[in-house]
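Those sequence lines, one after another, are chains P and A.
To convert, note that position 320 of the first sequence is 320 in the numbering used here; the numbers rise steadily by one, no gaps.
To convert, note that position 188 of the second sequence is 522 in the numbering used here; the numbers rise steadily by one, no gaps.
Protein chains: 2
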Amino acid sequence: MKVKKLKILLKKIFKKYGLKDNHATISSNALINAELVGAYGHGISRLKMYCDRLSKKVINPEPKIKIKKISNSISYIDANNSIGFVSADIGIKTAIKNAKKTGIGLVAIKNSGHYGLSGYYAEQAVKKNLVVMIYTNAPPAVAPHGALKSLFGTNPICFGTPTGSKIPFILDTSISLINRGKIRVAARYNKKIPKGVALDKFGNPTTNAKKALKGVQLPIAGYRGSGLAWMVDILSGVLTGGNHAGKVKDPFEDFTGPQNIGHLFFTFKTNLFQKNYNQRIKENIRTIKKLPKSKGVKEILYPGQNKFKRFKENSKKEIKVPKIIKKDLKLLLK
Amino acid sequence: MKVKKLKILLKKIFKKYGLKDNHATISSNALINAELVGAYGHGISRLKMYCDRLSKKVINPEPKIKIKKISNSISYIDANNSIGFVSADIGIKTAIKNAKKTGIGLVAIKNSGHYGLSGYYAEQAVKKNLVVMIYTNAPPAVAPHGALKSLFGTNPICFGTPTGSKIPFILDTSISLINRGKIRVAARYNKKIPKGVALDKFGNPTTNAKKALKGVQLPIAGYRGSGLAWMVDILSGVLTGGNHAGKVKDPFEDFTGPQNIGHLFFTFKTNLFQKNYNQRIKENIRTIKKLPKSKGVKEILYPGQNKFKRFKENSKKEIKVPKIIKKDLKLLLK
């Protein structure tokens, strides 16, 4: 399906499920972006879930979002359980505005929901020539180190910076060995997941995606990854007033209430300390790219390069809509 | 040796090598703290190195440290190649002052050196009831993902927060899978190193410590850890005006000039968004500690708990000074 056509369709569906025109646009754009960068677990495979939550009012289709100014640098947003895309859009725009004004921006959001890819919002700040860090938590998927039960989400750590070129440096890495969205997609298409990334509910290693969803995902790097996940839970949940300590509801499975997710956006100007930041980072990247390469490696890539390439390539093509999602679309349009 | 006696000795030595009284105190305290928390690689085993660098003037014993105020929140410090302990001490104190004033503090330092443990400075901010993040880079030890040569340092990521109890939450984690010192020890005793932590010079995985020393150490979590190390290199080096992209000199081996390390300190108040932060984080920790435990795990610990316990226990005892370091002390006092 052509990008343009799919976007119109998505917007129509979101509006049918109660979103205002501009909120439907923001949400459609985020889903399309996920498809184009190849993050299919965050793309149209989630559309039905969002619509289900909207129709059950556990996502508020008509939120009254309040932005509280704490200082010229710091803002606090109560998203009133809007769809996550909209609150994150306001959050990053506020963080950009604050940093442009004072050099530094810190924005916390509470009462939000799953917003897709952190990197998508990081890109917006990078395009405005800012360094950005974003934290959000997620439903239980990963066991804390020493525990036998999932509690942390895949809790991504996201960092972005301009590079002096058109391809931004966007690190957007979950602290689990595998993205939960990828397991969901695998489960949906009855595909296997890699070895060693998840356990079933009995604590045994599994490559069965459905069993993995009922079990535990493993954190990167043992106690180190567990500590990083805990940090993200504190920054995005404890600090902001969002849910934390395993209380974020699974958006696919738990419709008993809103997710109340918190997000934290931190932005600052690149040239606060060194006026020639772009030149410096160009030199940094150039030096690293010149290193001798491992077998089979054509080029040393910085985080975000692959995604940028996929985006460019996929933008020229039609978006493949799997049968199962075509069904969703039909059903949602009825 | 009693802590008090060792401290007097260290101070005497640092002063003999040209440090002012208060700089000698700060440096001695940092080394003693490393001993007490059991981070022996950052303790008195480094004393001789610091003195050697001082006597060769690649650490400036009489630095003229300049603090530039960018805004009430943001400061920029040129440490004039002071010993790292002193610049980091000024850095964290400035970041604390800024956050107390405006809610948020961002402090960059350039022309500094190795400062020991990030967690030591994080603790100072946490004691003032602030959340803190600290970044510093280090000499080459870890290969970027896809590269066959070390370039990133072990580049720690450090995060601290008050917990509502006397034991702070201090995550201070390097991004390498194994400490280089451990590989050196294994090589000396012809012992194997664990699988998957290092490559030989041809890029093949090895458990042979000698081959690993000639090859590269691997980052945690493959491309994810490599990305995190790169992030730290950018935040602490590119941004601040410090050395980056593998240019930080090994303090033990390279006396051709100062290290020019950069550090970044980011601090903010815990109650910017939620007034009952301490209550919230207490609840967070309590919930996680209550999870069912893995076999053999007595208690689920948060980052910093172990170190705190070691500090308390070791503070009651004398500090063990190995023979080889007693020799150093004698030599340095001559």
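Yeah, the Cβ is synthetic: ideal placement off N, Cα and C, and Gly gets one too.
Remember, it's a predicted structure, so these values are computed and weren't measured experimentally.
Taking the Cβ atoms as the reference, A/ALA543 lies roughly 5 Å from A/ILE517, within the contact range of under 8 Å. Residues of the same chain with a CB within less than 6 Å of the CB of P/LEU171, apart from the 5 flanking positions on each side, are PHE159, PRO303 in chain order.
When the five nearest sequence neighbours on each side are left out, the beta carbons in the same chain lying within less than 8 Å of the beta carbon of P/GLY196 are those of LEU177, PRO205, LEU218, in order along the chain.
Burial state of P/ARG53 is buried, judged by a 10 Å Cβ sphere holding 16 or more other Cβ atoms.
When the Cα atoms are used, A/GLY596 and P/LYS316 turn out to be separated by approximately 43 Å. By the C-beta criterion, the stretch 365–375 of chain A is judged not to be in contact with the stretch 306–326 of chain P, since fewer than 3 inter-stretch pairs fall below 8 Å.
Bounds of the alpha helix (DSSP H) holding P/LYS211 are 209–214.
Within the model, the alpha-carbon separation for A/ASP534 versus A/LYS427 is close to 43 Å. The Cβ atoms of A/HIS376 and A/LEU440 do not sit closer than 8 Å to each other. Just so you know, the alpha carbons of A/LEU381 and P/THR270 end up roughly 36 Å apart. Under the 10 Å beta carbon count, A/ASP588 is surrounded by fewer than 16 other beta carbons and is classified as exposed. P/VAL58 carries a coil assignment under DSSP once its states are collapsed to helix, strand and coil.
P/PRO140 has its alpha-carbon roughly 16 Å from the corresponding atom of P/PHE202. Annotation: A/VAL441 is outside any alpha helix (DSSP H); the continuous beta strand (DSSP E) that includes it extends over 438–446. Assignment of A/HIS597 by DSSP, reduced to helix, strand and coil, places it in the strand class.
In this structure A/TYR410 is in contact with A/LYS402, their Cβ atoms being roughly 4 Å apart against a cut-off of 8 Å. P/ALA143 is not bridged by DSSP to any residue. In the DSSP assignment, no residue is bridged to P/THR25. Proximity of the stretch 339–352 of chain A to the stretch 430–438 of chain A falls short of the contact definition, fewer than three beta-carbon pairs being nearer than 8 Å. Excluding its 5 nearest sequence neighbours in each direction, A/SER570 has C-beta neighbours in its own chain below 7 Å: TYR469, THR470, ASN471, GLY576, GLY596, HIS597, LEU598, listed in chain order. Runs of the alpha helix (DSSP H) lying entirely within the stretch 242–318 of chain P and spanning at least 4 residues, in chain order: 277–289, 305–316. Considering only beta carbons, the part of the stretch 94–115 of chain P lying closer than 8 Å to chain A consists of THR102, GLY103, ILE104, LEU106, ALA108, LYS110, in chain order. A buried status is given to P/GLU123, since no fewer than 16 other beta-carbon atoms sit within 10 Å of its beta-carbon. Neighbourhood of P/GLY181 in chain A, by CB distance below 9 Å: empty, with the nearest CB roughly 16 Å away. From the listed residues A/VAL460, A/MET565, A/ASP423, A/ASN610, the smallest Cα separation to A/LYS434 is found for A/VAL460. In the assembly as shown, P/TYR189 is an exposed residue. Its beta-carbon has fewer than 16 other beta-carbons within 10 Å.
P/GLY119 places its beta carbon 8 Å or farther from that of A/ILE404. The alpha helix (DSSP H) runs lying completely inside the stretch 45–91 of chain P and spanning 4 residues or more are 47–55, given in chain order. Contact annotation: A/SER389 and A/ALA422 have beta-carbon atoms that are not nearer than 8 Å. Identification of residues in the stretch 275–288 of chain P having a C-beta nearer than 9 Å to some C-beta of chain A yields TYR277, ARG280, ILE281, GLU283, ASN284, ILE285, ARG286, THR287, ILE288, given in sequence order. Remark: three or more beta-carbon pairs, one from each stretch, lie closer than 8 Å, so the stretch 278–291 of chain P and the stretch 161–170 of chain P are flagged as touching. Judged by beta-carbon spacing, A/LEU625 lies within the 8 Å limit of P/LYS149, meaning their Cβ atoms are closer than that value.
In the three-state DSSP reduction, A/SER560 falls in the helix class (H, G or I).
Interface residue (Cβ-Cβ distance to chain P less than 8 Å): A/PHE493 is classified as such.
Note that the C-beta distance between P/ASN155 and P/ASP233 is below 8 Å.
Distance from the Cα of P/THR287 is smallest, within the candidate group A/VAL572, A/TYR351, A/ALA579, for A/ALA579.
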